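Participant: One line per chain: the protein sequences are A and B, in this order. If you read the first sequence in the working numbering, its first letter stands for residue 56, the second for the next number, and so on. If you read the second sequence in the working numbering, its first letter stands for residue 56, the second for the next number, and so on. Quick reminder that beta carbons are idealized off the backbone N, C-alpha and C, glycines included. Here the structure is a predicted model, which is why all the values come from computation and not from measurement. Below is one structure. I have some questions about it.
There are 2 protein chains.
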Amino acid sequence: MQLYSFFNSSTSYRVRIALALKGQEVEYHGVNLRAGEQRLAQHLELSRIGGVPVFVDDNGVALTQSLAIIDYLDALYPQAPLVPTEPLLRARVLEVAQLIACDIHPLNNVRVLGYLQRVLEVGLEEKDRWYAHWVAEGLSALEVLLQRHGSGPYCFGEQPTLADCCLVPQVANAERMGCDLRAYPRVVAVYDHCQAQPAFQRAAPSQQPDFTQ
Amino acid sequence: MQLYSFFNSSTSYRVRIALALKGQEVEYHGVNLRAGEQRLAQHLELSRIGGVPVFVDDNGVALTQSLAIIDYLDALYPQAPLVPTEPLLRARVLEVAQLIACDIHPLNNVRVLGYLQRVLEVGLEEKDRWYAHWVAEGLSALEVLLQRHGSGPYCFGEQPTLADCCLVPQVANAERMGCDLRAYPRVVAVYDHCQAQPAFQRAAPSQQPDFTQ
């Protein structure tokens with residue numbers, strides 16, 4: 056199996072967590088988003104939109120979209136499923152994952168911040184305010200969902216799920232960007248718990264072959 | 056069952072298609088996004104981020120996030136599943152759904168266009184260019200995925216799936232905004248086929264109780 060990833064990409068980070076939780080090793084290909092490698096013809100062949108991660112299975116099947124990849128990993132390695140099968144728990148896990156994947160992350164990724172600066176000529180301060188705005192809206196909603204429906208050290212109970220695979224990279228990003236997280240105690244507690252687990256540690260940006268400061 | 060929806064919201068439209076395909080009726084509550092009803096305390100209690108759709112099942116379980124809702128509908132009404140179970144087909148359906156739900160739609164929804172105009176004071180022309188930019192990037196990628204992996208009148212074969220529930224509202228939006236769709240023949244063929252089916256027609260914005268010009 057192969058993974059096209061950038062150490063600092065949070066969608067790649069989600070898939071790395073899922074792989075680590077399932078104890079799976081992959082051949083790692085770094086795609087340097089800062090150097091624009093995602094727009095090289097060779098990468099566009101794998102991901103027409105120029106994104107990471109791209110997962111390639113042992114039969115050469117190439118798949119994009121982190122949440123689709125994690126669902127597929129559950130089919131390949133059904134032990135310890137990351138998307139539970141009990142309907143209501145499953146719905147809550149998917150609700151949290153989609154909140155992060157649709158309502159927070161897409162607004163703050165490299166291609167969007169690049170457009171703001173390059174095309175709309177938005178200044179640094181306004182760009183940071185944009186970033187913090189979507190993080191605050193999204194994490195407020197996440198905090199409510201976890202307080203209402205979650206319990207235990209992970210988002211939903213004693214076992215990690217897709218929700219945790221999405222939460223950790225998002226909170227790590229927010230922390231790195233200096234966002235104030237004090238209003239989200241349950242989110243931060245889940246984050247801290249995850250960060251103490253070996254699988255989450257192995258998936259961290261600093262542990263990847265393409266890591267640079 | 057109840058659905059909080061806005062006739063013109065494409066995430067609500069996805070869920071309406073899924074309900075219609077499953078032959079299910081719901082009590083419909085219009086939430087007027089143009090009038091800001093999504094930010095009223097009563098609605099924020101259902102959706103902390105102030106979004107639609109919100110689905111409420113017969114037990115009073117309230118669920119946000121259109122893709123989580125559609126997955127839950129598959130659990131409640133398993134006949135004619137919208138997310139297939141065969142792993143590779145399932146992966147392709149989820150890949151297309153996530154491409155639309157994460158890489159296109161979040162950049163062009165009401166709250167983001169509002170922020171561009173209100174906070175960043177972006178002009179109308181630049182706002183339209185922003186809109187068209189993300190549509191073009193996303194639909195180009197969608198066209199490649201459908202050409203490579205899809206066949207048949209729907210995205211993936213003879214039966215509608217979650218991929219079609221996402222494609223139709225996205226293409227309807229792009230059309231309404233005057234985006235040029237000539238570069239995406241397979242996307243448009245699927246769209247045209249879906250629009251000729253009664254379930255898709257019942258789910259259309261113009262057929263909803265809160266429709267206005």
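For the 8 angstroms Cβ check, are there 3 or more pairs between the stretch 113 to 131 of chain A and the stretch 68 to 88 of chain B?
Facilitator: no
Participant: For P224(A), count neighbouring C-beta atoms within 10 Å of its own C-beta (all shown protein chains included) and say buried if the count is 16 or more, exposed if not.
Facilitator: Buried, because 16 or more other Cβ atoms sit within 10 Å of the Cβ of P224(A).
Participant: Measuring straight from C-alpha to C-alpha, what distance separates L217(A) and P139(A)?
Facilitator: 9 angstroms
Participant: Is L222(A) close to chain E? Criterion is C-beta to C-beta, closer than 8 angstroms.
Facilitator: No chain E appears in this structure, whose protein chains are A and B.
Participant: In this structure, what does DSSP give as the bridge partners for I165(B)?
Facilitator: Per the sequence shown, residue 165(B) should be read as Val rather than Ile. Beta-bridge pairing links V165(B) to no other residue.
Participant: In chain B, which residues lie less than 7 angstroms from Q225(A) when you measure between Cβ atoms?
Facilitator: Those do not exist, as Q225(A) stays about 13 angstroms from chain B at its closest Cβ, beyond 7 angstroms.
Participant: By the 10 Å Cβ neighbour count, where 16 or more other Cβ atoms means buried, how is S64(A) classified, buried or exposed?
Facilitator: buried
Participant: Against chain A, which members of the stretch 96 to 129 of chain B pass a CB distance test of less than 7 angstroms?
Facilitator: R103, I104, V116, L118, T119, Q120, L122, A123, D126, Y127
Participant: Mind listing, in chain order, the continuous beta strand (DSSP E) runs of no fewer than 3 residues lying wholly within the stretch 97 to 124 of chain A?
Facilitator: 109 to 111, 117 to 119
Participant: Beta-carbon within less than 8 angstroms of E198(B)'s beta-carbon, same chain only, minus the 5 sequence neighbours each way: which residues are those?
Facilitator: A238, Y239, P240, R241, V242
Participant: Where P260(A) and N228(A) are concerned, what is the direct C-alpha to C-alpha distance, given to the nearest angstrom?
Facilitator: 11 angstroms
Participant: How many Å lie between A135(B) and R184(A) at the Cα?
Facilitator: 45 angstroms
Participant: By alpha-carbon positions, which one of S60(A), N114(A), D126(A) ends up nearest to K77(A)?
Facilitator: Comparing Cα-Cα distances from K77(A) to each of S60(A), N114(A), D126(A), the minimum goes to D126(A).
Participant: May I ask you to verify whether the stretch 145 to 157 of chain B touches the stretch 200 to 209 of chain B, counting CB pairs closer than 8 angstroms and requiring at least 3?
Facilitator: yes
Participant: For N163(B), count neighbouring Cβ atoms within 10 angstroms of its own Cβ and tell me buried if that reaches 16, exposed if not.
Facilitator: Buried, because 16 or more other Cβ atoms sit within 10 Å of the Cβ of N163(B).
Participant: Let's see if you can read the secondary structure: which residues bound the beta strand (DSSP E) around Y59(A)?
Facilitator: 57 to 60
Participant: If I follow the unbroken alpha helix (DSSP H) through G193(B), where does it start and stop?
Facilitator: The continuous alpha helix (DSSP H) containing G193(B) extends over residues 179 to 204.
Participant: Below 8 angstroms on C-beta distance, what does Q262(A) contact in chain B?
Facilitator: Residues of chain B whose Cβ lies closer than 8 angstroms to the Cβ of Q262(A) do not exist, since the nearest Cβ in that chain is about 25 angstroms away.
Participant: Please confirm if S60(B) has its CB atom under 8 angstroms from at least one CB of chain A.
Facilitator: no
Participant: How many Å lie between L101(B) and P133(B) at the Cα?
Facilitator: 26 angstroms
Participant: Considering H160(B), what are the terminal residues of the beta strand (DSSP E) in which it resides?
Facilitator: Neither: H160(B) is in no beta strand (DSSP E) and is coded neither H nor E.
Participant: Going along the chain, which residues of its own chain have a beta-carbon closer than 6 angstroms to the beta-carbon of G205(B), five neighbours each way excluded?
Facilitator: F211
Participant: Identify the continuous beta strand (DSSP E) that holds E82(B) and give its terminal residues.
Facilitator: 82 to 85
Participant: How would you write the range of the alpha helix (DSSP H) that E150(A) sits in, first residue to last?
Facilitator: 142 to 153
Participant: Is L175(A) close to chain B, meaning its C-beta is less than 8 angstroms from at least one C-beta of that chain?
Facilitator: yes
Participant: What are the residues that DSSP puts in a beta bridge with G212(A)?
Facilitator: Y209(A)
Participant: Alpha carbon to alpha carbon, how far is N114(B) from Q93(A)? Give it in angstroms, no decimals.
Facilitator: Cα-Cα distance, rounded: 46 angstroms.
Participant: Cα separation between L175(B) and F62(B)?
Facilitator: 27 angstroms
Participant: My output table needs one value for L74(A): the three-state DSSP class, helix, strand or coil.
Facilitator: helix
Participant: By the DSSP assignment, the alpha helix (DSSP H) with N228(A) in it spans what residues?
Facilitator: It spans 217 to 231 - the alpha helix (DSSP H) in which N228(A) sits, taken as one unbroken run.
Participant: Given a cut-off of 8 angstroms, decide if V109(A) and Y59(A) are closer than it, judged by their beta-carbon atoms.
Facilitator: Yes; because the gap between Cβ atoms is below 8 angstroms, this pair is in contact.
Participant: Roughly how many angstroms separate the alpha carbons of I72(B) and H248(A), rounded to a whole number?
Facilitator: So the two alpha carbons sit approximately 39 angstroms from each other.
Participant: Spatial neighbours of V111(B) within its chain, please: CB distance less than 6 angstroms, with the 5 preceding and 5 following residues excluded, ordered by chain position.
Facilitator: Q57, A117
Participant: Drop a sphere of 10 angstroms on the beta-carbon of R231(A), count the other beta-carbons inside from all chains shown, and report buried for 16 or more, exposed for fewer.
Facilitator: exposed
Participant: Which whole-angstrom value describes the C-beta separation of C221(B) and A156(B), a residue pair presumed to lie in contact below a C-beta threshold of 8 angstroms?
Facilitator: 6 angstroms
Participant: Given that E269(A) touches chain B, what residues does it touch there, using C-beta distances under 9 angstroms?
Facilitator: Residue 269(A) is absent from the structure shown; chain A starts at 56 and stops at 268.
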